[in-house]
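The structure under discussion appears below in the form of structure tokens.
Number of protein chains: 2
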Amino acid sequence: MPIRILTEAELRECAVINHDALAVVEQAFTWLAEDRAVMPPIMHVSVTDRHGDVDIKSAYVRGLPNFAVKIASGFFDNPKRGLPSSSGMMVIMDAGTGFCTAIMLDNGYLTDLRTGLAGAVAARYLAPEKVVTAGVIGTGIQARYQIRSLALVRTFERLLVFGRDPARCNSYIQDMEDMTIRLGIEVSACDSIESLVKACDLVVTTTPSRQPLIRADWLHPGLHVTAMGSDLGGKQELEAAALARASLLVCDRRAQCAVMGELQHAVAEGLMDENAPLELGEITSGKHSGRSSEEAITICDLTGTGVQDTAIASLALERAKSMGLGTEIGS
Amino acid sequence: MPIRILTEAELRECAVINHDALAVVEQAFTWLAEDRAVMPPIMHVSVTDRHGDVDIKSAYVRGLPNFAVKIASGFFDNPKRGLPSSSGMMVIMDAGTGFCTAIMLDNGYLTDLRTGLAGAVAARYLAPEKVVTAGVIGTGIQARYQIRSLALVRTFERLLVFGRDPARCNSYIQDMEDMTIRLGIEVSACDSIESLVKACDLVVTTTPSRQPLIRADWLHPGLHVTAMGSDLGGKQELEAAALARASLLVCDRRAQCAVMGELQHAVAEGLMDENAPLELGEITSGKHSGRSSEEAITICDLTGTGVQDTAIASLALERAKSMGLGTEIGS
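Okay, structure coming up:
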């Protein structure tokens, strides 16, 4: 059975930030909530003496022709050698035979894409209808993907960014210039997280922080926060009390957020029961409603799920086939 | 960074049943016992509505340049469509950077190879020095690999096979004819498991049975049994009382055997504590001794470990590089 090998460059042609990709990522949340997905816990290989970690995620969705097994790594000494710290790939399995049908050497691109789009799904259901000012904490890849994806679901006039390194802040503002030119959004840096949060209707946190960056008493009526940086025990972007203060707290997956998301701290401090939050799929499926009023404070805790990987990989594979992309290797 | 893609045909050139491969599989047991390996629990994706299962195993060994992530599947409706039920592949990661360096499209060949060799490691340390008659229960691939590997560590004169299907028994005997011709071993079928066990000094069980095949009271002084068929909750080849009757019970990995090996039943029936058996690596490392006397009854419970996958894949990669095998794809 030949296997289609797709490189990062080819995958960047197949799948981009657009409404089609947004729709499959949103669908993935619904699948999870409707119990159509079999998603085992994340497998974690600690390469401790080399400062590295490998995470393996997978999910089978009943009715889909394929599912993905994603291998993602973070090796934190790589930048010293001029190499990126993260990399990744996906193995696509035929759900009917268990045979490998494709290998996506995406170096983490599809993860970046689906993670940004997951933020847009959260904003779609939880952010106020009218967002004037959006804000982002962090200046890395997700600070870009989250905001570009957000533009699919909300029109906003101003984007504020906070980053500790002014050079990286400037480079972020330059990179986002197309927003200014194409969408007329004014992009500028903010000198404190507090002033950013207070000035925004929507904030996305995208950092690997292990200390709370946003205090509970900065939250104001009508604010939505998506926290997507924390995806490991010990990581934290929001003060635990902020979660308890939200009118509506939503997780991508409760069981994951309780060990690796913002929820872990609220549970540890006894502020919240692990089962109290909704899951985003319970809202996308229509079972529960999202934001209930303009005054509500909403928080979405995203840790990333294997179902999203299966969803974005399925889209990319379908497109690659129709575009004739990839190299076939007989096995 | 280019990635080397190796097909099954290429891997069959790189790694075969020989003393080099036996040495790395034996080494892998020692690594595990010496705590040089980081081996997370097996990840399991149940594709229940398609009668399929995917298992993912991995292990990082400190000091090795690479480690493997193995994806193995079993889809039990495949044979109805003329397809093999199992398939598999390995993704090889650079242990220093986390980048993927190679993909081995081995369709399970490397697993078959290291599983057979693991049986030989067990026999090397646990079987009597002098084996006159060896026996095998089952007539599938492992019935072949176990016995061919056994021939690396023990000289025997007779091989008995038991299988329920006479046609498969005959085809097994024909396939093993090189043993007869090259090694002067007489191969014949046995009409009951009881008579086989009673006639043998060493027995390997290689079936997917869910009922005990070997009764405790058939065990006789001087017998060694390697049970390698059970690798899932519910599978069983030996009566639980047989484990309690052994002078020496050895597991590849206690924690795995207690949930998916023969040990699960002995523990469930209260015949044995989960921590009572030795691990094979505690013997290969020299920390404990193996068979203590010619009269001892020894049993080895093998479920397969990620460390063995990393070991055999590392050998195959090294050989593929030196032989110039594989196709490089830039990612």
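Chains as they are written, first to last, in our numbering: chain W, -12 to 318; chain Y, -12 to 318.
Note that CB positions come from ideal geometry on N, CA and C, so glycine has one too.
With a contact defined as Cβ atoms closer than 8 Å, A110(W) and L230(W) miss out at about 18 Å. Taking one beta carbon from each stretch, the segment 131 to 139 of chain W and the segment 162 to 171 of chain W have 3 or more pairs nearer than 8 Å; the two touch. Put simply, the backbone Cα of R240(W) is about 26 Å away from that of S60(Y). Remark: C-beta atoms of Q198(Y) and A15(Y) do not approach each other more closely than 7 Å. For L70(W), the closest Cβ of chain Y is nearer than 7 Å. Straight-line spacing of the CA atoms in E(-5)(W) and I284(Y) works out to 56 Å.
Around the CB of P264(Y), 16 or more other CB atoms lie within 10 Å, so the residue is classed as buried.
Less than 7 Å separates the beta-carbon of L(-2)(W) from that of A303(W). Check the Cα spacing between I128(W) and each of L258(W), K274(W), V78(W), T192(W): the tightest is with T192(W). Not flagged as an interface residue toward chain W: F63(Y), since no C-beta distance is shorter than 7 Å. Within a 10 Å sphere around the beta-carbon of T142(Y) sit fewer than 16 other beta-carbons, which makes this residue exposed. The straight-line gap separating the alpha-carbon atoms of E13(W) and T102(W) is approximately 11 Å.
For H6(W), the number of other beta carbons within 10 angstroms of its own is below 16, and it is reported as exposed. Secondary structure note for T213(Y): it is in no alpha helix (DSSP H), and the uninterrupted beta strand (DSSP E) holding it is 211 to 214.
Taking a cut-off of 8 Å on C-beta distances, the segment 111 to 118 of chain Y touches the segment 201 to 219 of chain Y, as three or more cross pairs fall below it.
Contact annotation: the segment 18 to 28 of chain Y does not touch the segment 51 to 67 of chain W, with fewer than three C-beta pairs closer than 8 Å.
Contact between the segment 216 to 223 of chain Y and the segment 231 to 250 of chain Y is present: three or more C-beta pairs spanning the two stretches fall below 8 Å. For V119(Y), the secondary structure class from DSSP, reduced to helix, strand or coil, is coil.
Around A82(Y), the beta-carbon contacts reaching into chain W at under 8 Å are V34, R37, G39. The three-state secondary structure of V3(Y), taken from DSSP, is coil. Between I128(Y) and chain W, the shortest Cβ-Cβ separation is not below 7 Å. Here A59(W) carries a strand assignment [DSSP, helix/strand/coil]. The DSSP-derived three-state label of N53(Y) is strand.
Separation of the CB atoms of A307(W) and L(-7)(W) is rounded to 6 Å, and the pair is thereby assigned contact status at 8 Å.
Our two residues, L100(Y) and H38(W), have alpha carbons roughly 32 Å apart in a direct line.
Ranked by Cα distance from Y47(Y), the options R68(Y), A2(Y), D81(Y) are led by D81(Y). The shortest C-alpha to C-alpha distance from D288(W) to any of R(-9)(W), A227(W), G75(W) is the one to A227(W). Counting only residues of its own chain and dropping the five nearest sequence neighbours on each side, T271(W) has a CB closer than 6 Å to the CB of E13, F16, T17. In this structure, L19(Y) lies away from G277(Y), with their beta-carbon atoms at least 7 Å apart. Ranked by Cα distance from N94(W), the first of T84(W), G106(W), V78(W) is V78(W). Under the DSSP definition of a beta bridge, G75(W) partners with A59(W). Counting along the chain, R155(W) sits inside the alpha helix (DSSP H) bounded by residues 153 to 162. Secondary structure at C187(Y): coil, using DSSP grouped into helix, strand and coil.
About 55 Å separates the beta carbons of E281(Y) and P(-11)(Y), which is beyond the 8 Å limit, so they are not a contact pair. Distance from the CA of E173(Y) to the CA of V3(Y), rounded to the nearest whole angstrom, comes to 24 Å. Secondary structure at K44(Y): strand, using DSSP grouped into helix, strand and coil.
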